[in-house]
Amino acid sequence: MTAWTPDWAVEVNGLGDVTNLVLSDLTITSGRSDIYSQPIAGYCRFTIKNLDQSAIAFDVNDSITVKIKDSTGTYVPIFGGDISDIDIVVATGEPAITQNVTVTALGALSKLPKALTQGVLTKAFDGDQIYSVLSGVLFDQWNEVPAAETWAAYTPTTTWANAQNSGLGEIDRPGDYELAARSASTTDIYSLVASLANSGLGYIYEDASGRIGYADATHRSQYLGANGYTYIDGGWAYANGISTSKRLGDIRNKVTITYKNGQQQTAEDATSIATYGTQAQNIQTSIEKTADALSQAEFYLDIRAFPQYQFKSITFPIANPNIPDASRDQAFNIFMGLPLDIEDLPLNIADGRYQGFVEGWTWTTRFNALDLTVIVSPVAYSLQAFRWQSVPVTETWNTISPTLDWNNATIVA
Numbered sequence: 039m040t041a042w043t044p045d046w047a048v049e050v051n052g053l054g055d056v057t058n059l060v061l062s063d064l065t066i067t068s069g070r071s072d073i074y075s076q077p078i079a080g081y082c083r084f085t086i087k088n089l090d091q092s093a094i095a096f097d098v099n100d101s102i103t104v105k106i107k108d109s110t111g112t113y114v115p116i117f118g119g120d121i122s123d124i125d126i127v128v129a130t131g132e133p134a135i136t137q138n139v140t141v142t143a144l145g146a147l148s149k150l151p152k153a154l155t156q157g158v159l160t161k162a163f164d165g166d167q168i169y170s171v172l173s174g175v176l177f178d179q180w181n182e183v184p185a186a187e188t189w190a191a192y193t194p195t196t197t198w199a200n201a202q203n204s205g206l207g208e209i210d211r212p213g214d215y216e217l218a219a220r221s222a223s224t225t226d227i228y229s230l231v232a233s234l235a236n237s238g239l240g241y242i243y244e245d246a247s248g249r250i251g252y253a254d255a256t257h258r259s260q261y262l263g264a265n266g267y268t269y270i271d272g273g274w275a276y277a278n279g280i281s282t283s284k285r286l287g288d289i290r291n292k293v294t295i296t297y298k299n300g301q302q303q304t305a306e307d308a309t310s311i312a313t314y315g316t317q318a319q320n321i322q323t324s325i326e327k328t329a330d331a332l333s334q335a336e337f338y339l340d341i342r343a344f345p346q347y348q349f350k351s352i353t354f355p356i357a358n359p360n361i362p363d364a365s366r367d368q369a370f371n372i373f374m375g376l377p378l379d380i381e382d383l384p385l386n387i388a389d390g391r392y393q394g395f396v397e398g399w400t401w402t403t404r405f406n407a408l409d410l411t412v413i414v415s416p417v418a419y420s421l422q423a424f425r426w427q428s429v430p431v432t433e434t435w436n437t438i439s440p441t442l443d444w445n446n447a448t449i450v451a
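Mapping to my numbering: the sequence shown position 356 is 394, numbers consecutive.
Here you go:
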């Protein structure tokens with residue numbers, strides 16, 4: 039058992055870490071509340087105590103990264119975004135004036151609804167189309183480089199491929215589903231990218247450094263196959279507030295996929311309909327191929343024809359001395375899609391053990407304490423069969439189990 043208290047650092051505009059800060063009332067929310075929707079922009083709000091009326095060292099629209107020190111003494115980013123609001127409130131008066139400086143920042147996805155595009159796309163896989171859209175808005179053009187920029191001041195390790203990148207993270211390319219071409223029609227970037235991600239059964243996300251990424255339909259299967267689960271002891275969590283949820287409203291037993299030029303493919307589950315009545319949904323996509331549209335309809339049925347418990351909330355006090363340093367460090371590196379194996383739960387919650395993928399999380403502070411609340415979806419909701427174009431080019435036949443048939447090739451590892 040080790041005593042632990044949070045040690046913070048804040049980096050503004052990439053100018054290095056400012057440490058020894060007293061952060062209070064911190065809240066960071068990232069990811070999404072369930073697996074059925076695309077994430078919205080992350081949110082960060084915290085208060086800094088200003089004891090000497092010194093000038094505020096940052097401004098609205100400045101980029102900001104909030105970091106916390108791990109067991110190795112390294113400051114690890116847990117949020118990246120841009121400052122949207124700064125509020126200064128006098129907490130005490132003469133003779134010593136104390137101020138509370140409250141900073142609000144929004145994640146990188148907040149930029150996308152405010153940017154418009156004609157959205158012209160050629161036929162391509164989901165990851166390639168999303169990269170095409172995001173690179174156009176997140177990579178500066180040559181004429182957008184500041185006029186005062188000099189070669190001597192430019193970072194010497196920058197490559198041509200990542201120069202002037204203002205927020206593009208890891209994009210799974212090419213993706214798993216071929217999507218139709220799109221002609222010119224004005225829309226905002228977020229709506230377009232979210233639509234493409236839904237069509238590819240993937241999701242967009244923000245990483246801890248404030249970059250926008252895309253995980254395709256088989257991303258989680260591949261990560262799980264390569265890295266396995268992260269073990270979590272449910273006994274480390276607060277007992278109060280552990281919750282799962284099973285809802286009739288989550289059921290879909292008749293699914294129609296609308297795809298290229300308004301064509302449709304429908305799949306239904308007769309047993310579910312007989313039990314729960316018809317719970318239908320029409321899902322708009324830009325899928326190119328009929329076989330892919332039918333495959334997606336059947337996938338939705340597989341995960342939603344019958345209700346399953348979803349892990350709605352579990353909160354861990356990160357300062358709990360029973361948490362090993364290695365597990366605490368893993369918590370600081372949480373990300374959307376992290377596979378968790380949570381054991382030692384109450385027996386009437388998932389039979390005492392729950393395996394799933396992280397969908398969203400919230401960091402909150404109290405005096406000398408830090409809490410992490412996690413939302414987790416069932417593993418079965420995310421596992422997609424491996425697709426031929428996603429198999430690594432270095433893979434060889436003799437590394438694959440000789441008893442694995444194509445129907446069960448969910449993971450190749």
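For every residue, glycine included, the Cβ atom is placed at its ideal position computed from N, Cα and C.
It should be emphasised that the depicted structure is a prediction, and the values quoted were computed from it without experimental measurement.
- Note: residue 256 is not bridge-paired with any residue in the DSSP secondary-structure output.
- In the three-state scheme derived from DSSP, where H, G and I count as helix and E and B as strand, residue 76 is classed as coil.
- Collapsing the DSSP output to three states places residue 109 in coil.
- Residue 330 sits buried, since 16 or more C-beta atoms from the chains shown fall within 10 Å of its C-beta.
- The stretch 73-83 makes contact with the stretch 241-252: 3 or more CB pairs, one atom from each, lie closer than 8 angstroms.
- When rounded, the separation of the alpha-carbon atoms in residue 219 and residue 162 is 7 angstroms.
- In this structure residue 288 is not in contact with residue 381, their Cβ atoms being roughly 25 angstroms apart against a cut-off of 8 angstroms.
- In the three-state DSSP reduction, residue 341 falls in the helix class (H, G or I).
- Look at residue 135 here: in three-state DSSP terms it is coil, with no helix or strand label.
- Look at the stretch 352-423 and you find these whole runs of alpha helix (DSSP H), each 4 residues long or longer: 363-370.
- Closest in alpha carbon position to residue 149, among 373, 400, 227 and 337, is 227.
- Three or more Cβ pairs closer than 8 angstroms define a contact, and the stretch 335-351 meets that threshold against the stretch 281-301.
- The beta carbon of residue 207 lies closer than 7 angstroms to those of 245, 249, 250 and 251 in the same chain, with the five residues before and after it left out.
- Following the DSSP letters along the chain, one finds residue 65 inside the beta strand (DSSP E) bounded by residues 61-69.
- Note that the stretch 367-382 touches the stretch 256-267; at least 3 beta-carbon pairs, one per stretch, sit closer than 8 angstroms.
- Counting along the chain, residue 347 sits inside no beta strand (DSSP E), nor does DSSP assign it H or E at all.
- For residue 100, the CB contacts under 6 angstroms within the same chain, skipping 5 residues up- and downstream, are 50, 51 and 121 in chain order.
- Burial of residue 234 is indicated by the presence of at least 16 other C-beta atoms within 10 angstroms of its C-beta.
- In this structure, residue 370 places its C-beta atom within 8 angstroms of the C-beta atom of residue 108.
- Residue 232: member of the alpha helix (DSSP H) spanning 227-237, first to last residue.
- The three-state reading of DSSP puts residue 273 in helix, counting H, G and I together.
- In this structure residue 66 is in contact with residue 401, their Cβ atoms being roughly 4 angstroms apart against a cut-off of 8 angstroms.
- Residues 210, 240, 241, 243 and 375 of the same chain have their beta carbon placed closer than 7 angstroms to that of residue 253, with the five preceding and five following residues left out of the count.
- Excluding five sequence positions before and after residue 417, the CB atoms of its chain that fall closer than 6 angstroms to its own CB belong to 393 and 394, given in chain order.
- Ranked by Cα distance from residue 321, the options 362, 312, 301 and 311 are led by 301.
- The beta-bridge partner set that DSSP reports for residue 81 consists of 67 and 144.
- CA-to-CA, the gap between residue 224 and residue 154 works out to about 7 angstroms.
- CA-to-CA, the gap between residue 279 and residue 258 works out to about 27 angstroms.
- Beta bridge pairing from DSSP links residue 284 with no other residue.
- Contact between residue 47 and residue 113 holds: their C-beta atoms lie close to 4 angstroms from each other, under 8 angstroms.
- Residue nearest to residue 360 within the set 385, 275 and 205 is 275 (criterion: CA-CA distance).
- The beta carbon of residue 390 is closer than 6 angstroms to those of 383 in its chain, skipping five residues each way along the sequence.
- For residue 241, the uninterrupted beta strand (DSSP E) run begins and ends at 241-244, by DSSP.
- Pairing residue 232 with residue 72, the inter-Cα distance amounts to about 15 angstroms.
- Burial check for residue 260: the Cβ neighbour count within 10 Å reaches 16 or more, so the residue is buried.
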